[in-house]
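Add 61 to the 1-based position in the sequence shown for our numbering, that's all there is to it.
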Amino acid sequence: MALPTLRIIGFIIGIFLITLAVSMVIPMLTLLVFEHPEDLNAFLWSSMITLIIGLLLVVPGRPENLKLRPRDMYLLTTCSWLVVCLFAAMPMMLLHHISFTDAFFETMSGVTTTGSTVLSGLDDASPALLIWRSMLQWLGGIGFIAMAVAILPLLRVGGMRLFQTESSDWGEKVMPRSHMAAKYIVFVYLTFTILGVIAYWLSGMNWFDAINHSMTSISTAGYSTSDQSMGKFDPASHWVAIVLMVLGSLPFTLYVASLRGHRKALLRDEQVRGFVGMLLITCALFSLWLWLNSEHALIDAIRLASFNIISVATTTGYALGDYTAWGGFAVMAFFYLTFVGGCSGSTTGGLKMFRFQVALTLLHANLKQMVHPRAVIKQQYNGHNLDEEIVRSILTFSFFITMTIGAIALFLALLGLDPLTALSGAATAVCNVGPGLGPIIGPAGNFASLPDAAKWVLAAGMLLGRLEIVTVLVLFTASFWRH
62 MALPTLRIIG FIIGIFLITL AVSMVIPMLT LLVFEHPEDL NAFLWSSMIT LIIGLLLVVP
122 GRPENLKLRP RDMYLLTTCS WLVVCLFAAM PMMLLHHISF TDAFFETMSG VTTTGSTVLS
182 GLDDASPALL IWRSMLQWLG GIGFIAMAVA ILPLLRVGGM RLFQTESSDW GEKVMPRSHM
242 AAKYIVFVYL TFTILGVIAY WLSGMNWFDA INHSMTSIST AGYSTSDQSM GKFDPASHWV
302 AIVLMVLGSL PFTLYVASLR GHRKALLRDE QVRGFVGMLL ITCALFSLWL WLNSEHALID
362 AIRLASFNII SVATTTGYAL GDYTAWGGFA VMAFFYLTFV GGCSGSTTGG LKMFRFQVAL
422 TLLHANLKQM VHPRAVIKQQ YNGHNLDEEI VRSILTFSFF ITMTIGAIAL FLALLGLDPL
482 TALSGAATAV CNVGPGLGPI IGPAGNFASL PDAAKWVLAA GMLLGRLEIV TVLVLFTASF
542 WRH
């Protein structure tokens, strides 16, 4: 790769680091508000080091008349995620006195909006640490949306080709320019966050908890300010979380469409209708099952089942009690929900709803073709023809995400973890959900006791899943580096 290209990539990463350094001012101000000046040095030194490195990358300037090619964007995306995680881990090491492995795992989990944690004692933790974790998830959520809009269509893996680059008649007017799209998306993201803070406060949370949980709800990320997660707070806050998690799991490009006058954009989208319909049916059936098989009142069964199902299906990862104690049926159901994810162009991870719907469309077409061999069967989804390239990209992604989960699970088993912990840990990392299953990494546990090797592999799985695998794998091909 040419030196000027590396210079411009370094220049952009430097801007990211400067932004990260400036964002550390917020935890510092939090420490001053809560009168914890003894923790100030951790963020002060981290901010200074990050700022200096960022300036060293920016000061040489960017090469003139040089633009990044699509393949350069893949390298930039992967490198920026890794570098930001490395520097964002410093305050956790200095403040919480944890190893670099644990700090990097926690940070990668935050930036990728996974929500898996190695920390405990959150109820008594430094407010600066809590707000920093929440900020990482909030920034990671908006960062992934930006990547989905700008980069993933180039690889044809993020689903945005079906909803952006080959959109229907209203879609072309939604995103006239990428910078305009970014402004609208940031506006929507900020608006939902502010409304979430107000709603959480009205539900009984204090302002600090409300700010933290609003950031980690709309980003479908799942970090909480308590070891009990959302179980610490009143039932009213659980309903607020449900609404915010669903809002964060819908395509932000369709929110932009609504702002630009296409009021029925969300209602007309097949992916949105399918995802919301799936949530309603699953929550209704599971609520009924829980009510009949427990001592919970009907309204409590609806709240518990709906919260936990939506939390896992949207890859948020909040916990409301230990749903693995509900029996074998619940364990299997939540394992399947781990793979769902929300909609393409949202803050969620997982396979995304559109891939399931496209698979059903292809199955239906193949069944009709078997009955009528000579018929020409049109394969359409969301008003678009499913050409060979789209189908191939979906099959490729689905295959490699399955292989990645299998390989990570096998490695975790090699380290001595039991099959349930190994398989659910791999799945929850790659799908960016957060909690796994079982007594160790389930909703009542965390990842602290896992070997360091397991944490590094799971962190790599989080990055692969967040960047939809192919974005990273393309860097390991010979043709990528060939001039």
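Even for Gly, the Cβ is constructed at its ideal location relative to N, Cα and C.
Nothing here was measured: the structure is a model prediction, and the numbers come from that model.
Paired residues, beta bridge with residue i - DSSP
i, result
"Y442", "H445"
Alpha-carbon spacing of residue i relative to residue j, whole angstroms
i, j, result
"L216", "L353", "Confidence at L216 is low in this model, with a pLDDT of 45, below 50, so its placement is unreliable and no value can be given for it."
"L525", "A366", "30 Å"
"A164", "V247", "28 Å"
"V249", "Q430", "44 Å"
"C146", "V432", "53 Å"
"G322", "T66", "40 Å"
"F313", "S405", "9 Å"
"T100", "S177", "According to the sequence provided, residue 100 is Asp. The question's Thr does not apply to it. D100 and S177: Cα-Cα distance of roughly 24 Å."
"Y442", "L424", "13 Å"
"G292", "A302", "12 Å"
"R543", "E125", "23 Å"
"S407", "H357", "33 Å"
"A150", "T422", "44 Å"
"A505", "H299", "17 Å"
"M241", "L308", "21 Å"
"A509", "I502", "9 Å"
"W268", "H97", "18 Å"
"T457", "V535", "13 Å"
"P88", "A189", "5 Å"
"H158", "A520", "20 Å"
"V83", "F336", "38 Å"
"E449", "A326", "26 Å"
"S459", "L412", "7 Å"
"V235", "V317", "Model confidence at V235 stands at a pLDDT of 43, short of 50, so the residue's coordinates are unreliable and nothing is read from them."
"C492", "F95", "36 Å"
"G232", "G444", "With a pLDDT of 37 at G232, under the threshold of 50, the modelled position of this residue cannot be trusted; read the value that follows with caution. Taking the straight line joining both Cα atoms gives about 11 Å."
"V533", "L117", "26 Å"
"F294", "L251", "24 Å"
"R453", "G122", "40 Å"
"M85", "P152", "9 Å"
"L341", "T377", "17 Å"
"S540", "L129", "17 Å"
"A426", "G338", "22 Å"
"A391", "S108", "44 Å"
Cβ pair residue i, residue j closer than 7 Å
i, j, result
"T399", "A282", "no"
"T375", "T409", "yes"
"S485", "G497", "yes"
"I192", "T91", "yes"
"I69", "S141", "no"
"I279", "V258", "no"
"M523", "A490", "yes"
"G499", "L481", "yes"
"T80", "S195", "no"
"V172", "L197", "yes"
"I469", "V518", "yes"
"F166", "K439", "no"
"L351", "A362", "yes"
"F368", "L381", "yes"
"D288", "L183", "yes"
"I114", "L78", "yes"
"M414", "Q332", "yes"
"V419", "I370", "no"
"T254", "S275", "yes"
"S310", "G403", "yes"
Opening and closing residue of the alpha helix (DSSP H) in which residue i lies
i, result
"Q430", "M414 to V432"
"T66", "L64 to S84"
"N273", "W268 to I279"
"G558", "Outside the displayed range of the chain (62 to 544) lies residue 558, so it cannot be described from this structure."
"F313", "F313 to L320"
"G338", "E331 to L353"
"M306", "P296 to G309"
"A539", "A539 to W542"
"S372", "L359 to A374"
"A282", "Careful: A282 lies outside any alpha helix (DSSP H) and carries neither H nor E."
"G389", "G389 to L398"
"L534", "V531 to L534"
Proximity test, residue i beta-carbon vs the ligand SAM heavy atom, cut-off 6 Å
i, result
"Y245", "Ligands in the displayed structure: none, and consequently the ligand SAM is not present."
For the region 86-173, list the alpha helix (DSSP H) runs that are entirely contained and at least 4 residues long, ordered along the chain.
-> 86-94, 101-119, 131-149, 151-157 and 161-172
Runs of alpha helix (DSSP H) lying entirely within the region 441-498, each at least 4 residues, in chain order = 449-475 and 480-491
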